[in-house]
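Q:
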Amino acid sequence: MLSSSTASSLRLHQPTRPHRRRPPSPPASHQFRPPASAAASRRHLPSVRTRRGGGGTIRAIDAAQPFDYESRAAGLLEERQRLKIAIVGFGNFGQFLARTFARQGHTLLAHSRSDYSAAAASLGASYFQDPHDLCECHPDVVLLATSILSAEAVLRTLPLHRLRRNTLFVDVLSVKEFPKNLLLTSLPEDFDVICTHPMFGPESARDGWDGLPFVFDRVRVGDSPARRARADVFLNIFEREGCRMVEMPCADHDAHAAETQFLTHTVGRMLATLDLQPTPIDTKGYETLLRLVDNTCSDSFDLYNGLFMYNKNSTELLNRLESAMDSVKKRLFDGLHEVLRKQLFEGKASPPTNKNAGDVQRKPLLLEGKASPAPPTPNNTAVHLK
Ligand code: NAP
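Under my numbering, the first residue of the sequence shown is numbered 940, with each subsequent residue one higher.
Have a look at this one:
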């Protein structure tokens, strides 16, 4: 070991430490804390032993020296990319999102009505049965991932006063105007609000999120660099996974979603009532229908019901769907009636004038118990009406 005098002379040979300013610390109201592991690894940087001429051992100055600006800056940047995210509603979708958040190195807290402590532990998340304990951890972001139907009640159970003054609230509900109004009316004005809808789920994004749409609306983000940065860091989670980022007002989302998502789920649910089964001669189209049933019915009925109850455009879509079915049926039956009328009133079968009636109607019709102008032969198929 070096004597203290040798050590002090060695210190003289160190490069003069330049006067440097500390990087500005984020405002007290918004300081991202690094995950415990990152902080620990910086404290325990490796030290190197070297030998010098006289046999004395020098404990070398470790890698993160005060003048090692680059690694410090990189570390600081990395810290700022990490969020402490509290997921409220840790069911199917909450856990699905948590897997990616955890992989990206964010600190996760979770709370739900049911006990998901084992699932949380497997993801490295801390589970809190009591929302007070969750809020006292001062997450940067509270992510609301409960069912649409329960969102209002769940939000009311959160002790908002235990959170930091300008916590960021994000929701991932599949409708957007409802949570926007709910969050704006329920949260203190200092809280930031981003309404989002990842347009995919555990089934459709089984192979990753690349290219899948992520809709978001920065409903209220405070005008400070730290708050804007926090919003960006959160949105960047999805950008990093390759999502197609679509910034859109909540009202526009709901108008589009009724025409796309609610329609898809409704058709899937309708087909499910037919109890469709695979057959030995399935076409590609039929296989698509079977997959649609699987994709839509793997979501809870609560989710589907929420799409209907909390999107004002859904009722109109249902009405349009019903009249679309009626108009398709009408076209078919109108063609049929035309052929029938000709047989009944003109006494002869003539080709239908309705272009859409199809080949089958070019054949004469055979009414049961009535003479047919052209009795069917083995090669002359007739339509038998009962
Ligand atoms: P969900 O049935 O819509 O919601 C299940 C979640 O809601 C669970 O965390 C459940 O808690 C909670 N919950 C239900 N009723 C509750 C009540 N009365 N009180 C307290 N908590 C209640 O299914 P999900 O698929 O997990 O969806 C969660 C949210 O993500 C929904 O808002 C949905 O619209 C949205 N989302 C889902 C998908 C998807 O593909 N699944 C995609 C995008 C967005 P417990 O499990 O603890 O009972």
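Glycine included, each C-beta is placed from N, C-alpha and C at the ideal position.
Model, not experiment: these values are computed from the prediction.
Quick check for students: name the residue ranges of the beta strand (DSSP E) that lie wholly in the region 1009–1081, counting only runs of 3 or more.
A: Runs of the beta strand (DSSP E) inside the region 1009–1081: 1023–1027 and 1046–1050.
Q: So, does the region 1191–1202 touch the region 1107–1117, judging by three or more C-beta pairs under 8 Å?
A: yes
Q: Which of the three DSSP states is assigned to HIS983 in this structure?
A: Any reading at HIS983 needs caution, since the residue's pLDDT is 39, under 50, leaving its predicted position unreliable; the model's value is listed next. Three-state result, HIS983: coil.
Q: Please confirm whether ALA1025 and HIS1050 have their CB atoms less than 8 Å apart.
A: yes
Q: Below 7 Å, is the gap between the Cβ of ASN1234 and the nearest heavy atom of ligand 1?
A: no
Q: According to the Cβ coordinates, are LEU1242 and SER1143 closer than 8 Å?
A: no
Q: Which residue spans inside the region 1135–1178 form an unbroken beta strand (DSSP E) run of at least 3?
A: 1152–1159
Q: For the region 1196–1214 against the region 1245–1259, do three or more pairs of beta-carbon atoms, one drawn from each stretch, fall closer than 8 Å, so that the two count as touching?
A: Result yes; three or more Cβ-Cβ pairs closer than 8 Å.
Q: Taking the beta strand (DSSP E) that PHE1108 falls in, what are its first and last residues?
A: 1107–1110
Q: How close, in whole Å, do the beta carbons of MET1138 and PHE1155 come, if the pair is a contact with beta carbons under 8 Å?
A: Wrong, their Cβ atoms sit about 11 Å apart, outside the cutoff.
Q: Use the C-beta contact count for LYS1119: other C-beta atoms within 10 angstroms, 16 or more gives buried, fewer gives exposed.
A: buried
Q: Just to confirm the assignment, what range does the beta strand (DSSP E) spanning MET1184 have?
A: Per DSSP, the unbroken beta strand (DSSP E) holding MET1184 starts and ends at 1183–1186.
Q: Following the continuous alpha helix (DSSP H) through PHE1272, name the residue where it begins and the one where it ends.
A: Here the alpha helix (DSSP H) through PHE1272 covers 1253–1280.
Q: Please report the distance separating the alpha-carbon of ASP1131 from that of PRO1141.
A: For ASP1131 and PRO1141, the distance between alpha carbons rounds to 28 Å.
Q: What would DSSP say about ASP1129, mapped onto helix, strand or coil?
A: coil
Q: Less than 6 Å between C-beta atoms, sequence neighbours within five positions excluded: which residues of the same chain meet that for PHE1247?
A: SER1253
Q: Identify whether ASP1191 lies in helix, strand or coil by the three-state DSSP scheme.
A: ASP1191 falls in the helix class under three-state DSSP.
Q: Kindly give me the distance between the Cβ atoms of LEU1088 and ASN1244, rounded to whole angstroms, as I take these residues to be in contact under 8 Å.
A: By a beta-carbon distance limit of 8 Å, LEU1088 contacts ASN1244. Their separation comes to about 7 Å.
Q: Tell me whether ASP1193 counts as near ligand 1, meaning its Cβ is closer than 7 Å to at least one heavy atom of that ligand.
A: no
Q: State the CB to CB distance for the pair ALA1084 and PHE1032, rounded to an integer number of angstroms; the pair is presumed to be in contact (CB under 8 Å).
A: That belief holds up - the Cβ atoms of ALA1084 and PHE1032 are roughly 5 Å apart, short of 8 Å.
Q: With H, G and I counted as helix, E and B as strand and the rest as coil, what does DSSP make of LEU1083?
A: strand
Q: I need the DSSP call for GLN1216, collapsed to helix, strand or coil.
A: coil
Q: Near GLY1161, which residues of its chain fall below 7 Å by C-beta distance, leaving aside the five closest residues on each side in sequence?
A: ASN1105 and ASP1131
Q: Helix, strand or coil for LEU1242? Go by DSSP, reduced to three states.
A: DSSP, read as helix, strand or coil, puts LEU1242 in helix.
Q: Is the beta carbon of ILE1024 within less than 7 Å of some heavy atom of ligand 1?
A: Exclusion of ILE1024 from the 7 Å shell around ligand 1 follows from its C-beta lying no nearer than that to any non-hydrogen atom of the ligand.
Q: Where does the unbroken alpha helix (DSSP H) through THR1227 begin, and where does it stop?
A: 1223–1236
Q: If we count the other Cβ atoms within 10 Å of its Cβ and call it buried at 16 or more, is ALA1059 buried or exposed?
A: Counting Cβ neighbours within 10 Å, ALA1059 comes out buried, since at least 16 surround it.
Q: Return the CA-CA distance between ASP1214 and ASP1233, expressed in angstroms with no decimal places.
A: 11 Å
Q: Could you pull out every residue in the same chain whose Cβ sits closer than 7 Å to the Cβ of LEU1073, ignoring the five residues on either side in sequence?
A: ALA1025, LEU1048, HIS1050 and PHE1067
Q: Let me know if ARG1159 comes out buried or exposed under the rule of 16 or more other beta-carbons within 10 Å of its beta-carbon.
A: buried
Q: In angstroms with no decimal places, state the Cα-to-Cα distance between ARG1167 and ASN1175.
A: 12 Å
Q: If you reduce the DSSP assignment to three classes, tell me which class ASN1120 lands in.
A: Taken through DSSP and simplified to helix, strand or coil, ASN1120 comes out as helix.
Q: So, under 8 Å CB-CB, GLN1043 and ARG1179 are touching, yes? Tell me the CB distance rounded to an integer number of Å.
A: Right, the Cβ-Cβ distance comes to about 7 Å (below 8 Å), so this counts as a contact.
Q: How many angstroms separate the CA atom of PRO1217 from the CA atom of GLU1186?
A: Between PRO1217 and GLU1186, the C-alpha separation is close to 40 Å.
Q: Can you give the Cα-Cα distance for CYS1134 and PHE1173, rounded to whole angstroms?
A: 12 Å
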